[in-house]
């Protein structure tokens with residue numbers, strides 16, 4: 016059974032204070048690790064897909080990295096508008112479904 | 435393009451009532467999914483349709499039924515609503531071909547069962 020654990024559950028940062036969110040996973044044959052952003056009252060918004068260890072993807076202040084056991088979402092010099100819940104999900108070999116973690120709630124204060 | 439649309443946005447039901455949640459996509463995607471999201475539980479898969487004409491159970495299918503009406507539409511039915519089904523329901527789609535399995539979500543339906 017695929018498992019995804021995200022930490023911390025909640026993170027409070029000051030504007031400009033860089034940090035990282037963690038996604039640890041166990042999966043039989045990784046076929047993709049996905050990061051999403053979810054704003055309150057809205058559906059999750061797709062950010063990145065990573066397929067193999069060593070891969071990195073960037074978008075504005077966000078950079079996602081992948082190892083064989085975990086992924087990090089690095090947030091550089093965050094702004095208040097980066098406040099959201101960030102979700103991680105994995106797809107295992109042979110499956111057309113994703114397994115989601117419970118998310119990290121990020122709050123960036125001005 | 436509207437992407438993924440869901441109706442209704444909000445619904446209040448009494449225990450025992452039935453209703454159907456509608457989902458439609460204009461992304462020409464093959465696969466569609468229904469999730470529920472509860473505080474502290476994350477997103478849990480209810481049912482999915484890997485392709486038109488097929489449906490499969492997810493993690494929490496009890497109390498629900500689905501219909502893949504055509505490639506664009508996937509509905510979720512609650513036959514006899516229970517308070518435990520109070521939740522936010524999300525529909526999602528994915529290309530479901532090759533290596534493209536990132537999912538795109540609708541805005542959600544907020545359901546309260548009293």
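Chains as they are written, first to last, in this note's numbering: chain L, 16 to 125; chain Z, 435 to 548.
No residue lacks a Cβ here, since even glycine has one placed at the ideal position from N, Cα and C.
- Task: Answer yes or no: does any C-beta atom of chain Z fall closer than 8 angstroms to that of residue 111 (chain L)?
- Result: Residue numbering aside, residue 111 (chain L) sits at position 96 when the first chain is read from its first letter. Yes, because at least one Cβ of chain Z sits closer than 8 angstroms to the Cβ of residue 111 (chain L).
- Item | Whole runs of the beta strand (DSSP E) within the segment 101 to 125 of chain L, excluding any shorter than 3 residues | Positions of the beta strand (DSSP E) runs, each at least 3 residues long and wholly inside the segment 101 to 125 of chain L, are given as 119 to 124 in order along the chain.
- Residue ranges of each beta strand (DSSP E) run of no fewer than 3 residues wholly in the segment 49 to 85 of chain L, ordered along the chain? Runs found: 60 to 65, 71 to 74 and 77 to 81.
- Task: Can you tell me which of Z:509, Z:524, Z:442 and Z:498 puts its alpha carbon nearest to the alpha carbon of residue 450 (chain Z)?
- Result: Here residue 450 (chain Z) corresponds to residue number 16 of the second chain, with the count starting at 1. It is Z:498 whose Cα lies nearest to the Cα of residue 450 (chain Z).
- Query: So the beta strand (DSSP E) residue 21 (chain L) belongs to, where does it begin and stop?
  - Reply: Here the question's residue 21 (chain L) lines up with position 6 in the first chain. Start and end: 18 to 22.
- Query: If we count the other Cβ atoms within 10 Å of its Cβ and call it buried at 16 or more, is residue 472 (chain Z) buried or exposed?
  - Reply: By one-based count along the second chain, residue 472 (chain Z) stands at place 38. Label assigned to residue 472 (chain Z): exposed.
- Which bits of chain L does residue 540 (chain Z) rub up against, with CB to CB less than 9 angstroms? Taking the second chain and counting its residues from 1, the one referred to as residue 540 (chain Z) is at position 106. Under the 9 angstroms cutoff, chain L gives 58.
- Query: Using a beta-carbon distance below 8 angstroms, is residue 64 (chain L) in contact with chain Z?
  - Reply: Counting from 1 along the first chain, the entry for residue 64 (chain L) is found at position 49. So, interface residue.
- Could you check if residue 536 (chain Z) is buried or exposed, using at least 16 other CB atoms within 10 Å of its CB as the buried criterion? Here residue 536 (chain Z) corresponds to residue number 102 of the second chain, with the count starting at 1. Result: buried.
- Identify the contact partners of residue 479 (chain Z) in chain L, using a Cβ-Cβ distance below 7 angstroms as the criterion. Along the second chain, read from residue 1 onward, the residue named residue 479 (chain Z) stands at position 45. Within 7 angstroms Cβ-Cβ: 112.
- Message: Measuring straight from C-alpha to C-alpha, what distance separates residue 512 (chain Z) and residue 447 (chain Z)?
- Response: Walking along the second chain from the start, residue 512 (chain Z) turns up at place 78. Walking along the second chain from the start, residue 447 (chain Z) turns up at place 13. Between residue 512 (chain Z) and residue 447 (chain Z), the C-alpha separation is close to 10 angstroms.
- For the segment 446 to 465 of chain Z, enumerate the residues whose C-beta is nearer than 8 angstroms to any C-beta of chain L, in chain order. 465
- Task: Name the two residues that bound the continuous beta strand (DSSP E) containing residue 453 (chain Z).
- Result: Reading the second chain from its first residue, position 19 is the one you call residue 453 (chain Z). 453 to 459 is the span of the beta strand (DSSP E), which, as asked, contains residue 453 (chain Z).
- Item | Pairwise C-alpha distance: residue 49 (chain L) and residue 93 (chain L) | What you label residue 93 (chain L) is simply residue 78 of the first chain in a count that begins at 1. What you label residue 49 (chain L) is simply residue 34 of the first chain in a count that begins at 1. Spanning the two alpha carbons is a distance of roughly 21 angstroms.
- Item | Interface positions of the segment 87 to 108 of chain L facing chain Z (Cβ-Cβ less than 9 angstroms), listed along the chain | Answer set for the segment 87 to 108 of chain L: 102, 104 and 106.
- Message: Contact defined as beta carbons within less than 8 angstroms: I believe residue 44 (chain L) pairs with residue 108 (chain L). What is the distance between those atoms, to the nearest angstrom?
- Response: In the first chain, residue 44 (chain L) corresponds to position 29, counting from 1. In the first chain, residue 108 (chain L) corresponds to position 93, counting from 1. About 3 angstroms; that satisfies the 8 angstroms criterion.
- Coarse secondary structure for residue 519 (chain Z), derived from DSSP in three states: Walking along the second chain from the start, residue 519 (chain Z) turns up at place 85. Three-state DSSP puts residue 519 (chain Z) in a helix.
- Message: Per DSSP, what are the beta-bridge partners of residue 96 (chain L) in this structure?
- Response: As a working mapping, residue 96 (chain L) is identified with position 81 in the first chain. DSSP lists no partner for residue 96 (chain L).
- Task: Could you confirm whether any beta carbon from chain Z is found closer than 8 angstroms to the beta carbon of residue 117 (chain L)?
- Result: Translated into the one-based positions of the first chain, residue 117 (chain L) becomes position 102. Cβ-Cβ to chain Z under 8 angstroms: yes for residue 117 (chain L).
- Item | Counterpart residues of residue 535 (chain Z) in DSSP-defined beta bridges | Within the second chain, numbered from 1, the residue matching residue 535 (chain Z) stands at position 101. Answer is none; residue 535 (chain Z) lacks a bridge partner.
- Task: For residue 438 (chain Z), write down the residues that DSSP places opposite it in a beta bridge.
- Result: On the second chain, position 4 is the one that residue 438 (chain Z) refers to. In DSSP, residue 438 (chain Z) forms a bridge with Z:459.
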